[in-house]
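Here the structure is laid out as structure tokens; the discussion comes afterwards.
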Amino acid sequence: MKTEIVWMIIGMGLVTYIPRMLPFVLFKGKELPPFIQGVLKNVPYATLGALIFPAILFIQKGDVWYGVLGAAAAFIAAFLGANVIVVVLGSITVLALYSYLM
Amino acid sequence: MADLAIGRESSEFKRGLQAGISIGIGYFPIALTFGLLAKTSGLSIYETVLMSLIVFAGASQYISLSLIAYGTGIFEIILTTFIVNIRHFLMSTSLNEKCEEDHLINKLVYSFGITDETFSVVATKEGKATTGFMFGVISVSYFSWVVCSGVGHLIGASLPQTLQESMGVALYAMFIGLLVPSMKRSAKVIFLALLGAVFNSIFTIGHVMAQGWAIVTATLLASMIIEIAEVIKTRYRGVNHED
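These protein sequence lines map, in sequence, to chains A and B. So the number in this note's numbering is just where the residue sits in the first sequence, counting from 1, plus 68. So the number in this note's numbering is just where the residue sits in the second sequence, counting from 1, plus 108.
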């Protein structure tokens, strides 16, 4: 292993770990103001929206509809109450069929 | 009593493992491709696996490869990694409220495994997240990420193109699968997700800011706007009620 690369990896690991770990130390056993608590409870759903869009539209270069179809398949399966794993596998299957047929 | 406690922890761990399976599936094509790209970027298999072991953050690992290929300096690569991964600070702050009280040591260990995906699974779970559950979700994800990175480098080829492309949807489908049940229960969740998506799309497509900051800013803006709207709504109702 090249020492330079190893140092780079250790550095990357540190700067990635610190933001992940710090809140557990900083806010341990502390009661945050109610407004902040409310905002933090909202964070997961806003994050999910931001993680899905716009990235899902670009999973296949040049064909936005590929992503739209995948999103629609997942949304319908989830809306009908399917388990997350079924949603994932269903969406993959629909897109595999789409590529196969196109 | 001790037996009971251990039994509860192990069943929580198992539930975590089960909840993490879709992450394991979703990481498969991405980690495989990472291993392949790492090989073409000139990293050895040990360096590739070491990076997945120590960093465990997909997007920044991909970016580091293209920076290495450009001949970018180490310091700049580390700085870019920091910016790309700063969003985890917000996720951990949110999870700190969600996770059960426990020794700081346990939290220091499992916080290493907080990624977009493990965060999403834990944060959308009902009720408090136990330490066992955290370790379960993270174990499957970490295992899949590290092993598949190595396998990608080893076989030096990705999946057949159609399968590779269709599997690329896996993590997004998982995010949708986690989000929709909560959307069905609450209009607030629908607004939060929509606002987060709209802000992030504007920031990303409009090249307003780097992607690392785009997600953090979009999330914070959406979460604060909806919370302020909620506070105003309850106050307004309160005033009406007094009348």
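Where is the CB? At the ideal position from N, CA and C, for every residue including glycine.
Residue i burial status per 10 Å Cβ neighbour count (16 or more: buried)
i	result
Q272 of chain B	exposed
F183 of chain B	exposed
G150 of chain B	exposed
H315 of chain B	exposed
F136 of chain B	buried
M109 of chain B	With a pLDDT of only 47 at M109 of chain B, under 50, the local geometry of the prediction cannot be trusted, and the value read off the model is given with reservation. Flag for M109 of chain B reads exposed.
I160 of chain A	buried
K147 of chain B	buried
V157 of chain B	buried
K341 of chain B	exposed
N151 of chain A	exposed
S294 of chain B	exposed
Q269 of chain B	exposed
Y178 of chain B	exposed
V288 of chain B	buried
W75 of chain A	exposed
L212 of chain B	exposed
I138 of chain B	buried
V155 of chain A	buried
Anticipated Cβ contact below 8 angstroms, residue i with residue j, distance rounded
i	j	result
N142 of chain A	A281 of chain B	For the sequence presented, residue 142 of chain A should be read as Ala rather than Asn. At roughly 4 angstroms, the Cβ-Cβ gap stays under 8 angstroms, so A142 of chain A and A281 of chain B are in contact.
F164 of chain B	Y250 of chain B	6 angstroms
A326 of chain B	A118 of chain A	5 angstroms
L140 of chain B	L267 of chain B	7 angstroms
F243 of chain B	G124 of chain B	6 angstroms
L116 of chain A	A301 of chain B	6 angstroms
T201 of chain B	F103 of chain A	Incorrect: roughly 14 angstroms between the Cβ atoms, too far for contact.
Beta-carbon contacts of residue i that lie in its chain and below 6 angstroms, excluding the five residues immediately before and after
i	result
A127 of chain B	V229 and V245
D210 of chain B	T239
N277 of chain B	For the sequence presented, residue 277 of chain B should be read as Val rather than Asn. Excluding sequence neighbours, V277 of chain B sits near nothing in its chain.
K129 of chain A	none
S130 of chain B	M282
V254 of chain B	S160 and L161
Extent of the continuous alpha helix (DSSP H) run through residue i
i	result
P102 of chain A	P102 to I120
E155 of chain B	I153 to I162
L267 of chain B	No alpha helix (DSSP H) contains L267 of chain B, which DSSP labels as neither H nor E.
K215 of chain B	L212 to Y218
G158 of chain A	V152 to L169
E72 of chain A	T71 to L94
H196 of chain B	R195 to K206
K129 of chain A	Neither: K129 of chain A is in no alpha helix (DSSP H) and is coded neither H nor E.
I222 of chain B	Looking at the DSSP string, I222 of chain B is not in any alpha helix (DSSP H), and its letter there is neither H nor E.
V316 of chain B	No alpha helix (DSSP H) holds V316 of chain B; DSSP gives it neither H nor E.
G166 of chain B	G166 to Y178
V288 of chain B	A278 to R293
Residues of its chain near residue i, where Cβ-Cβ distance is below 7 angstroms and the 5 sequence neighbours each way are ignored
i	result
I124 of chain A	G135, G138 and A139
F126 of chain A	G135
Residues of its chain near residue i, where Cβ-Cβ distance is below 8 angstroms and the 5 sequence neighbours each way are ignored
i	result
I194 of chain B	G320, W321 and V324
T312 of chain B	Q319 and A322
G258 of chain B	G143, I153, T156, V157 and S160
Residue i: contacting residues in chain C (beta-carbon distance under 8 angstroms)
i	result
L158 of chain B	No chain C appears in the structure shown, which is made up of the protein chains A and B.
Q. Name the residues in the segment 118 to 132 of chain A whose C-beta lies less than 8 angstroms from a C-beta of chain B; which are they?
A. A118, L119, I120, F121, P122, A123, I124, I127 and Q128
Q: May I ask you to list, following chain order, the residues of the segment 211 to 232 of chain B that have a beta carbon less than 7 angstroms from some beta carbon of chain A?
A: L212, K215, L216, S219, F220, I222, D224, S228, A231 and T232
Q: Could you list the residues in the segment 127 to 139 of chain B with a C-beta less than 9 angstroms from some C-beta on chain A, going in chain order?
A: Result list: A127, I129, S130, I133 and G134.
Q) Mind listing which residues of the segment 237 to 253 of chain B have their C-beta closer than 7 angstroms to chain A's C-betas, in chain order? A) none
Q: Compile a chain-ordered list of the residues in the segment 256 to 282 of chain B whose CB is closer than 7 angstroms to at least one CB of chain A.
A: T270, L271, E273, S274, M275, G276, V277, A278, Y280, A281 and M282
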